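Following: one structure in structure tokens, then a few remarks.
Number of protein chains: 2
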Amino acid sequence: MQETRLDIDRIRAARRVIDPMYLDTPLYCCEALEPGLGCTVSIKLETANPVRSFKARGTEVVASLLAGTGSRAVVCASAGNLGQALAWSGRGRGLDVTVVASRFATATKLDGIRALGARLELVDGDHETARDRAAAIARRDGIRLVEDSLDIETCEGAATIGLELVAAPPSFDTVLIALGGGAMATGIGHVLKALAPEVEVICVQPLGAPAMTYSWHQRRVVTTDATDTIADGVAGRRPIAAVLDDLLLVADDAVLVRESSIIAGMRMLLDHAGLVVEPSAALGIAAILEDPERFAGRHVATIVCGSNVDPDAYRRWIDAPLHRP
Amino acid sequence: MQETRLDIDRIRAARRVIDPMYLDTPLYCCEALEPGLGCTVSIKLETANPVRSFKARGTEVVASLLAGTGSRAVVCASAGNLGQALAWSGRGRGLDVTVVASRFATATKLDGIRALGARLELVDGDHETARDRAAAIARRDGIRLVEDSLDIETCEGAATIGLELVAAPPSFDTVLIALGGGAMATGIGHVLKALAPEVEVICVQPLGAPAMTYSWHQRRVVTTDATDTIADGVAGRRPIAAVLDDLLLVADDAVLVRESSIIAGMRMLLDHAGLVVEPSAALGIAAILEDPERFAGRHVATIVCGSNVDPDAYRRWIDAPLHRP
Numbered sequence: 001m002q003e004t005r006l007d008i009d010r011i012r013a014a015r016r017v018i019d020p021m022y023l024d025t026p027l028y029c030c031e032a033l034e035p036g037l038g039c040t041v042s043i044k045l046e047t048a049n050p051v052r053s054f055k056a057r058g059t060e061v062v063a064s065l066l067a068g069t070g071s072r073a074v075v076c077a078s079a080g081n082l083g084q085a086l087a088w089s090g091r092g093r094g095l096d097v098t099v100v101a102s103r104f105a106t107a108t109k110l111d112g113i114r115a116l117g118a119r120l121e122l123v124d125g126d127h128e129t130a131r132d133r134a135a136a137i138a139r140r141d142g143i144r145l146v147e148d149s150l151d152i153e154t155c156e157g158a159a160t161i162g163l164e165l166v167a168a169p170p171s172f173d174t175v176l177i178a179l180g181g182g183a184m185a186t187g188i189g190h191v192l193k194a195l196a197p198e199v200e201v202i203c204v205q206p207l208g209a210p211a212m213t214y215s216w217h218q219r220r221v222v223t224t225d226a227t228d229t230i231a232d233g234v235a236g237r238r239p240i241a242a243v244l245d246d247l248l249l250v251a252d253d254a255v256l257v258r259e260s261s262i263i264a265g266m267r268m269l270l271d272h273a274g275l276v277v278e279p280s281a282a283l284g285i286a287a288i289l290e291d292p293e294r295f296a297g298r299h300v301a302t303i304v305c306g307s308n309v310d311p312d313a314y315r316r317w318i319d320a321p322l323h324r325p
Numbered sequence: 001m002q003e004t005r006l007d008i009d010r011i012r013a014a015r016r017v018i019d020p021m022y023l024d025t026p027l028y029c030c031e032a033l034e035p036g037l038g039c040t041v042s043i044k045l046e047t048a049n050p051v052r053s054f055k056a057r058g059t060e061v062v063a064s065l066l067a068g069t070g071s072r073a074v075v076c077a078s079a080g081n082l083g084q085a086l087a088w089s090g091r092g093r094g095l096d097v098t099v100v101a102s103r104f105a106t107a108t109k110l111d112g113i114r115a116l117g118a119r120l121e122l123v124d125g126d127h128e129t130a131r132d133r134a135a136a137i138a139r140r141d142g143i144r145l146v147e148d149s150l151d152i153e154t155c156e157g158a159a160t161i162g163l164e165l166v167a168a169p170p171s172f173d174t175v176l177i178a179l180g181g182g183a184m185a186t187g188i189g190h191v192l193k194a195l196a197p198e199v200e201v202i203c204v205q206p207l208g209a210p211a212m213t214y215s216w217h218q219r220r221v222v223t224t225d226a227t228d229t230i231a232d233g234v235a236g237r238r239p240i241a242a243v244l245d246d247l248l249l250v251a252d253d254a255v256l257v258r259e260s261s262i263i264a265g266m267r268m269l270l271d272h273a274g275l276v277v278e279p280s281a282a283l284g285i286a287a288i289l290e291d292p293e294r295f296a297g298r299h300v301a302t303i304v305c306g307s308n309v310d311p312d313a314y315r316r317w318i319d320a321p322l323h324r325p
């Protein structure tokens, strides 16, 4: 493998600064999903923790470094999960956390950020507008900007999931990873390519937010003008070049899925696995639903990366009349 | 503490024969529950595993002992979760597993037992009828009968949850435990009283299946003629004397909750914790909802012990108009 920005020793070191509550998450085979999907599915569950997503693995690394250097404040843009995670990690280390988010972000996530004691600033616009605003605040106040997927700590934190995947028997044929900014895909992908290169790494993004997938296929940064997806956690428009470079080295494929498949995936995980998941966390199941022949008879692992949903929206999704993709 | 049938060294030994997939389950504070409950609530999550309940901790102990002595077959009565767990544990060890259940048991649980390769026999009647039939099969075939809560391995398996509770900082003021046959309550209760005696142990049972709670308060076995509760996992009518004796030594209280509180608890866990739980797993939250003053300002842990629900019934429960208890 050519060199990505990641390093296995640094990822192993990251484990030592992450609160154990976020490590060694459940990994188990869910046989009840098999009849509907035609393949063996193992779940890596990243939702059973105080922030209900995998993001705290990265923010724990960031916050422990900042606290170690005497920093007092930090700012990030977030669709909601990074913000909650940074608020949680910062609170425990005496950091003053500011989160910038779109005013159209999932209300439950915004409530969670406030409840954890962070300062929340809302912008008119989408996640890219929030990124610009967070960068401006960091410059103005001279404080650390946490840029998800660009900042190596966010990738290293996510990559600790990869260490847990390769530590567990049995090994998988394929790992399906939700693709947004790319921290999770490049982090886990790096570990798999380094320690279990026989495992196929497939990234999954919504058709309504395809910028990074287009970029991966064209091997250059492709931006889009807008996003249109319920998968708020992965709805970016401006991929980061350095992250794309890493993704090109570790991903075997990047695929796009329809909204109807994401909803069908959420419903399958509820009905057959008893799991509440946010749309981004159903992308892996959606990919299987859209291309069952590709995965037939294989052992697939997918990371259930978050469960922060608005209760009313969730009820609509799971109750909506469904036409299978 | 007077001596129960349990022993800490044996419980520690049990950990060594249980598949690690069932151990060291998530334990985390769910702050989003706090505003609605008025106390700090930590969740011990026993649903993120192949059988979606804590029961495999006990069946792993049973099955490993049976396999070690060359046994080939085993039978149990089950409301559904023990049966799935025994089927899972037996399958991996070449045991021929028979499960007897009421034909009115939760369909998803019965499907799960069949899917795991066990022989399923349904009886006309309730769980107590199934217990009688399972005992008859064991006598007829000369095979091991697993009696939940009476057989010490089932208590020791459940008690490993207690070891994990006392290993984790911070300690809790109170642990709320669903009460059915009593394996979980006596197992966890024993560990808490032995290793963290300052922690209050409160058992929770539905008003519609109160036999063990009545027995605890009257300090003698009290049976009932029928049960009427959606909490199928704890719906027994004939408490076991030896289990009651242990429970009298380790429980500080046993309380009864209404069906409306169980449903409200299930809904709170969905909306504020993103957790699908079966009714029995919501008993702890229901107890807080019914007596908020008792728990105000305290740190309460509750074991989310199972998530096996029929999807349609679950949707009815979480969508039903709700009058708060």
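Respectively, the protein sequence lines represent chains H and V.
First residue of the first sequence? That's 1 in my numbering, and the numbers climb one at a time after it.
First residue of the second sequence? That's 1 in my numbering, and the numbers climb one at a time after it.
Each residue gets a CB set at the ideal place from its N, CA and C atoms; glycine is no exception.
All values derive from a computational prediction rather than experimental measurement.
In this structure, the beta-carbon distance from residue 164 of chain V to residue 27 of chain V falls below 8 Å. Residues of chain H with a Cβ closer than 7 Å to the Cβ of residue 268 of chain V do not exist, since the nearest Cβ in that chain sits about 10 Å away. Nearest neighbour of residue 156 of chain H by Cα position, chosen from H:226, H:11 and H:319, turns out to be H:11. Rounded to the nearest angstrom, the gap between the Cα atoms of residue 101 of chain V and residue 150 of chain V is 18 Å. By DSSP's assignment, residue 100 of chain V forms a beta bridge with V:77 and V:121. For residue 315 of chain H, the enclosing alpha helix (DSSP H) begins and ends at 311-319. Secondary structure of residue 2 of chain V (DSSP, three-state): coil. For residue 307 of chain V, the three-state secondary structure derived from DSSP is coil. For residue 103 of chain H, none of the residues of chain V pass the 9 Å Cβ criterion, the least Cβ distance being about 21 Å. Within chain H, 26 and 28 have C-beta atoms less than 8 Å from the C-beta of residue 49 of chain V, given in sequence order.
When DSSP states are grouped into helix, strand and coil, residue 144 of chain V belongs to the strand group. DSSP links residue 301 of chain H through a beta bridge to H:42 and H:175. In this chain, the alpha helix (DSSP H) harbouring residue 191 of chain V covers 183-195.
Restricting attention to H:104, H:103, H:81 and H:73, the CA atom closest to the CA of residue 90 of chain H is found in H:73. Flagged as an interface residue toward chain V: residue 31 of chain H, by a C-beta distance shorter than 8 Å. Against residue 319 of chain V, the close residues of chain H are 315 and 319, in the order they occur along the chain (beta-carbon pairs closer than 9 Å).
The three-state secondary structure of residue 257 of chain V, taken from DSSP, is strand.
When the beta-carbon positions are compared, residue 47 of chain V and residue 80 of chain V stay at least 8 Å from each other. Contacts with chain H at 8 Å (Cβ-Cβ) include residue 115 of chain V.
Taking a beta-carbon distance threshold of 8 Å, residue 311 of chain H counts as an interface residue toward chain V. Scanning V:234, V:98 and V:242 for the CA closest to the CA of residue 259 of chain V turns up V:234. At least one CB of chain H lies nearer than 8 Å to the CB of residue 274 of chain V. By the beta-carbon neighbour count (other beta carbons within 10 angstroms, threshold 16), residue 198 of chain V is exposed. In the DSSP assignment, residue 200 of chain H forms a beta bridge with H:174.
In the structure shown, residue 29 of chain H falls within a strand segment according to DSSP collapsed to helix, strand and coil. Assignment of residue 210 of chain V by DSSP, reduced to helix, strand and coil, places it in the coil class. Per the coordinates, the alpha-carbon of residue 4 of chain V lies some 30 Å from the alpha-carbon of residue 262 of chain V.
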